Amino acid sequence: MKIRDLKRVLVVECMVAALCVGCTAHATAFPPTPQSLPSGVTPNTLSVPATGISDDFARLVRLDGPAVVHISASGAKRTARLAPLWPPAGDQADPFYRFFQQFSPGDGGSPELGSENVGSGFIISPDGYILTDAHVVDGATQIHVKLTDRREFKATLVGLDPASDIALLKIDARQLPTVKIGTSSLAKAGQWVVSIGSPYGFENTAAAGIISDMNRFLPSETYIPLIQTDMTNSTGDDGSPLFNLDGEVIGIEAPVHPTHGIFEGLAFEIPIDAAMKVEQQLQHHMKVEHGRLGVTIQEVTGPLAQSFGLPKPVGALISSVDQHGPSAKADLRSGDVILKLNDLQIDDSAQLPMAVADLQPGTKVHIEFWRDQSPHDTEVVLGTLNTAALASASADQSSVGPDGLTVRGLTPQERDAAGVREGVRVEQSVGPAAMSGIQPGDIILMVNNVRVSSVAQFRQRIERSGKSVALLVEHDGHQMFVTIDVS
Numbered sequence: 006m007k008i009r010d011l012k013r014v015l016v017v018e019c020m021v022a023a024l025c026v027g028c029t030a031h032a033t034a035f036p037p038t039p040q041s042l043p044s045g046v047t048p049n050t051l052s053v054p055a056t057g058i059s060d061d062f063a064r065l066v067r068l069d070g071p072a073v074v075h076i077s078a079s080g081a082k083r084t085a086r087l088a089p090l091w092p093p094a095g096d097q098a099d100p101f102y103r104f105f106q107q108f109s110p111g112d113g114g115s116p117e118l119g120s121e122n123v124g125s126g127f128i129i130s131p132d133g134y135i136l137t138d139a140h141v142v143d144g145a146t147q148i149h150v151k152l153t154d155r156r157e158f159k160a161t162l163v164g165l166d167p168a169s170d171i172a173l174l175k176i177d178a179r180q181l182p183t184v185k186i187g188t189s190s191l192a193k194a195g196q197w198v199v200s201i202g203s204p205y206g207f208e209n210t211a212a213a214g215i216i217s218d219m220n221r222f223l224p225s226e227t228y229i230p231l232i233q234t235d236m237t238n239s240t241g242d243d244g245s246p247l248f249n250l251d252g253e254v255i256g257i258e259a260p261v262h263p264t265h266g267i268f269e270g271l272a273f274e275i276p277i278d279a280a281m282k283v284e285q286q287l288q289h290h291m292k293v294e295h296g297r298l299g300v301t302i303q304e305v306t307g308p309l310a311q312s313f314g315l316p317k318p319v320g321a322l323i324s325s326v327d328q329h330g331p332s333a334k335a336d337l338r339s340g341d342v343i344l345k346l347n348d349l350q351i352d353d354s355a356q357l358p359m360a361v362a363d364l365q366p367g368t369k370v371h372i373e374f375w376r377d378q379s380p381h382d383t384e385v386v387l388g389t390l391n392t393a394a395l396a397s398a399s400a401d402q403s404s405v406g407p408d409g410l411t412v413r414g415l416t417p418q419e420r421d422a423a424g425v426r427e428g429v430r431v432e433q434s435v436g437p438a439a440m441s442g443i444q445p446g447d448i449i450l451m452v453n454n455v456r457v458s459s460v461a462q463f464r465q466r467i468e469r470s471g472k473s474v475a476l477l478v479e480h481d482g483h484q485m486f487v488t489i490d491v492s
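Below you can see the structure in the form of structure tokens.
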């Protein structure tokens with residue numbers, strides 16, 4: 006082979022090698038070619054962002070952290086306790102216990118910090134308005150705010166709204182860093198979120214997680230359906246902002262009352278859309294007024310809808326009515342299912358409390374409801390919501406049935422103590438009844454929307470109910486419909 010031809014071959018081989026190397030390098034940097042993608046998938050759907058999610062978290066904390074504040078409130082109603090991280094529970098004579106105790110705040114127990122609450126908040130305007138949770142500052146005589154730059158201010162309580170659990174503070178400062186307010190209506194379950202707060206007093210602490218659900222309704226806490234996340238709410242976290250990955254606040258960390266139990270690995274947040282409605286009223290009027298129907302409601306399940314003859318499980322089922330409230334004056338009763346409030350179709354029971362609370366007391370509303378297997382309508386003049394509205398002869402022979410219930414009549418003393426005029430008392434609950442959550446001591450007031458006052462009447466209604474029966478049960482002063490399968 007001539008030298009000239011040999012050079013040409015070597016050049017061609019080098020070019021092929023270079024092209025192969027280039028293809029290999031680019032294959033890791035770009036998504037697959039359209040020919041190699043599954044049907045219906047485009048290159049854009051597989052593109053890899055320039056930065057990872059951890060970089061998004063770090064950037065968010067760096068930019069938004071300065072607008073998050075630590076709050077301490079002296080004389081507040083709710084006493085904060087700091088649970089020590091160390092030492093672990095053990096015998097105080099144990100040398101390891103004594104060793105770790107030197108690194109633990111306080112005396113190693115859960116010391117009560119006098120009457121001081123600790124929490125978090127976030128700055129919403131450069132001139133010093135701060136949004137937080139009402140529990141943090143309720144009843145406080147002095148409120149102090151600490152910024153991330155270590156400056157401290159005495160804060161003024163502009164106003165608080167126990168019904169929504171929102172409070173607005175004001176500090177005397179200018180040109181402060183602020184958060185960006187987003188919208189909770191666009192958030193979805195499964196979405197990444199970041200909270201920045203002061204757990205156990207450790208200021209400006211970031212935690213990441215995902216939204217578990219966007220519509221958790223805890224009626225004894227607030228009229229607002231809450232955001233649920235897979236993070237944990239700790240002492241000092243109340244009032245923390247919940248951010249999406251665009252750095253926008255979409256919620257406010259809210260405490261859950263101990264009566265709901267301990268939610269390990271869960272946290273609940275007030276949606277920012279609802280919080281900002283309250284904030285506007287607090288800033289302009291220093292108070293908030295909410296409308297009130299005067300009913301307790303519950304979700305309409307499939308079996309309940311079938312029991313009431315509803316075509317599908319929609320609406321808000323009235324389980325009890327305040328006899329001196331607005332709904333009682335309009336002749337609404339337990340067992341009615343509210344289907345519509347003015348022009349709002351009530352598809353989910355959680356819609357109703359928020360829709361009513363957004364209206365002013367004294368507003369006349371048109372209500373469409375379901376009763377006796379047909380639609381009806383009425384008008385109600387709303388009352389005023391308050392915190393109290395949120396927190397809300399001889400016995401017959403015992404009888405047991407296939408529903409798993411042993412019941413007896415109520416004594417006059419039991420009727421007076423429970424504040425009821427009729428019903429039967431549960432003595433034993435097994436099988437289907439126990440699976441439905443009915444417990445001994447509960448009082449059954451209604452069977453399939455018909456009130457019962459004796460064991461014989463109760464059994465008669467059960468026998469006529471078919472495969473599924475709806476019972477109105479009073480438990481610890483609260484009334485709720487439950488269904489039992491007696492097939």
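When we follow this note's numbering, the leftmost residue of the sequence shown carries the number 6, and every step to the right adds one.
Yeah, the Cβ is synthetic: ideal placement off N, Cα and C, and Gly gets one too.
Since the model is a prediction, treat every value here as computed from it, not as a measurement.
(request) Could you tell me the distance, in whole angstroms, from the CA atom of A178 to the CA atom of L364? (result) 34 Å
(request) Identify whether F108 lies in helix, strand or coil by the three-state DSSP scheme. (result) Because the pLDDT at F108 is just 38, under 50, the model does not fix this residue reliably, and the value given afterwards should be weighed accordingly. Reduced to three states, the DSSP call for F108 is coil.
(message) With distance defined between alpha-carbon atoms, name the residue in V319, L415 and M291 nearest to L309.
(response) V319
(message) Taking 6 Å as the limit between beta carbons, can you name the residues of its chain near R376, skipping five residues before and five after?
(response) D341
(request) Assign S239 to one of three DSSP states: helix, strand, or coil. (result) coil
(request) May I have a chain-ordered list of the beta strand (DSSP E) segments no shorter than 3 residues that lie completely inside the region 406 to 448? (result) 410 to 414 and 429 to 434
(message) Spatial neighbours of G436 within its chain, please: C-beta separation below 6 Å, excluding the five flanking residues on both sides.
(response) G409
(request) Go ahead and label T467 buried or exposed: buried means 16 or more other beta carbons lie within 10 angstroms of its beta carbon, across all protein chains shown. (result) First, the residue type needs correcting, since residue 467 is Ile and not Thr in the sequence shown. The residue in question, I467, is buried, as its Cβ has 16 or more Cβ neighbours within 10 Å.
(message) Which residue wins for smallest C-alpha separation from A475, given the options R469, G482, V487 and R464?
(response) V487
(message) According to DSSP, is Q285 part of a helix, a strand, or is it coil?
(response) helix
(message) Quick check: G202 and S125, are their CB atoms within less than 8 Å of each other?
(response) yes
(message) Helix, strand or coil, according to DSSP, for M485 in the structure here?
(response) strand
(message) I believe I277 touches A259 by the beta-carbon criterion, under 8 Å. Please report the beta-carbon distance rounded to the nearest angstrom.
(response) The Cβ separation is near 12 Å, so there is no contact.
(request) Rounded to whole angstroms, what's the CA-CA distance from D143 to F313? Just pull it up for me. (result) 43 Å
(request) Decide if K472 is buried, meaning its Cβ has at least 16 other Cβ atoms within 10 Å, or exposed. (result) exposed
(request) Starting from the C-beta of F222, find all residues in its chain whose C-beta is less than 6 Å away, skip the five residues before and the five after it, and write them out in chain order. (result) P230 and A355
(request) Keeping to the same chain, check which residues put their C-beta closer than 7 Å to that of V386; ignore five residues upstream and five downstream. (result) P331, G367 and K369
(message) Please state whether the Cβ-Cβ distance between V326 and V300 is less than 8 Å.
(response) yes
(message) Suppose you measure from the CA of P54 to the CA of L322; what does that come to, to the nearest Å?
(response) The predicted model places P54 with a pLDDT of 45, which falls under 50 and marks its position as unreliable, so this point remains unresolved.
(message) Give me the residue from L250, A168 and E479 with the minimum Cα distance to Y228.
(response) A168
(request) Take R338 and list the residues in its own chain whose beta-carbon comes closer than 8 Å to its own, dropping the five residues that flank it on each side. (result) I323, V326 and R376
(request) Identify which residue in H140, F463, D382 and T237 has its Cα closest to the Cα of G214. (result) T237
(request) Write down every uninterrupted run of the beta strand (DSSP E) in the region 110 to 190 whose length is 3 residues or greater and which is fully enclosed by it, in chain order. (result) 121 to 128, 134 to 138, 147 to 151, 157 to 166 and 171 to 175
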